[in-house]
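Residue numbers (my numbering): 0 to 261.
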Amino acid sequence: MPFTLATWNINSVRLREALVLRFLEAEGPDILCLQECKSPVEKIPREGFAALGYPHMIARGQKGYNGVAILSKRPIAEVGANDHVDLGHARHIAGRLENGVVIHNYYVPAGGDKPDREVNVKFGQKLDYLTAMRDAFHAERPERAILVGDLNIAPREDDVWSHKQLLKVVSHTPVEVAHLAETQEAGGWVDVTRADIPEGQLYSWWSYRSPDWDAADKGRRLDHVWATPDIAGAAHSSRILREVRGWEGPSDHAPVMATFDL
DNA sequence: ATGGTGGAAGCTCCA
Numbered sequence: 000m001p002f003t004l005a006t007w008n009i010n011s012v013r014l015r016e017a018l019v020l021r022f023l024e025a026e027g028p029d030i031l032c033l034q035e036c037k038s039p040v041e042k043i044p045r046e047g048f049a050a051l052g053y054p055h056m057i058a059r060g061q062k063g064y065n066g067v068a069i070l071s072k073r074p075i076a077e078v079g080a081n082d083h084v085d086l087g088h089a090r091h092i093a094g095r096l097e098n099g100v101v102i103h104n105y106y107v108p109a110g111g112d113k114p115d116r117e118v119n120v121k122f123g124q125k126l127d128y129l130t131a132m133r134d135a136f137h138a139e140r141p142e143r144a145i146l147v148g149d150l151n152i153a154p155r156e157d158d159v160w161s162h163k164q165l166l167k168v169v170s171h172t173p174v175e176v177a178h179l180a181e182t183q184e185a186g187g188w189v190d191v192t193r194a195d196i197p198e199g200q201l202y203s204w205w206s207y208r209s210p211d212w213d214a215a216d217k218g219r220r221l222d223h224v225w226a227t228p229d230i231a232g233a234a235h236s237s238r239i240l241r242e243v244r245g246w247e248g249p250s251d252h253a254p255v256m257a258t259f260d261l
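Now the structure itself:
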């Protein structure tokens, strides 16, 4: 049975409950992975999602910050939640579908402003988080697995509006890109979005600080869909739903989708 | 070099 999966940094699931419902109605993915829910798990408005055909949810949350959730039409069993760097942040949850496929949903730390761990603790925490992810995949090589989320890094030159102007901007620095590549290699992860759409500029995030995000189009591809090689070939029809960034009261991220024939 | 916007919590932190 093929299934469609979406990942979306929602920037408050309670404030944007109506947007989530609109997206679920419009696109009907089998699985929606959310990041930055900014809500304790018990306050996530899951009744409305259930009423639209998403009765299954696994989530980790905390008050005000971070938070990840997986909404699903099909049963999904939680199989892990890694803190990775002992910050007490709700940044990861993993679930297993009945067909055995494991889905990892990640919200990697943004990393603060200055790309220097000597003066910016958060940047060091971001690099350490990626290193811990790498080590976890080295320790246990994932199989039949999908990894999605806001990884807060745009790895390729054509994943940002200006490679040259962003080389020293957190999210596109060489040291971050190298850390992300090590994490990807450790799991053997295939970048599904780029396997499907290998050429051209591709963004999933546009800053709120731009007066006209659409016209300026200074985007970055921070949100990713990866799969292990044993199932990556089953993926197709990747899309980034740029128009959702233009909905009223939007998140600064657009949903990223892919379909798997599994 | 700076400030631009937005969410949550609550007179500030985080993105």
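Where a beta carbon is used, it is the ideal one built from N, C-alpha and C, also for glycine.
Between the alpha carbons of Thr172 and Ala50 lies a distance of about 43 Å. Note on geometry: alpha-carbon atoms of Ile69 and Leu31 lie some 6 Å from one another. If you draw a straight line from the Cα of Ala253 to the Cα of Thr3, it is about 16 Å long. Secondary structure note for Met56: its beta strand (DSSP E) is the uninterrupted segment His55 to Arg59.
When DSSP states are grouped into helix, strand and coil, Ile196 belongs to the coil group. Pairing Lys42 with His88, the inter-Cα distance amounts to about 17 Å. Between Ser71 and His91 a beta carbon distance of about 17 Å is seen, past the 8 Å cut, so the two are scored as non-contacting. Residue pairing of Gln164 in beta bridges, as defined by DSSP: absent, with no partner found. Counting the other CB atoms within 10 Å of its CB gives Ala138 a total below 16, which places it among the exposed residues. Residue range Val101 to Tyr106 is occupied by the beta strand (DSSP E) that includes Tyr106.
Apart from sequence neighbours up to five positions away, the residues of its chain that approach Gly245 with a beta-carbon distance below 8 Å are Asp213, ordered along the chain. Under the Cβ criterion (8 Å, minimum of three pairs), the stretch 200-208 does not count as touching the stretch 111-119.
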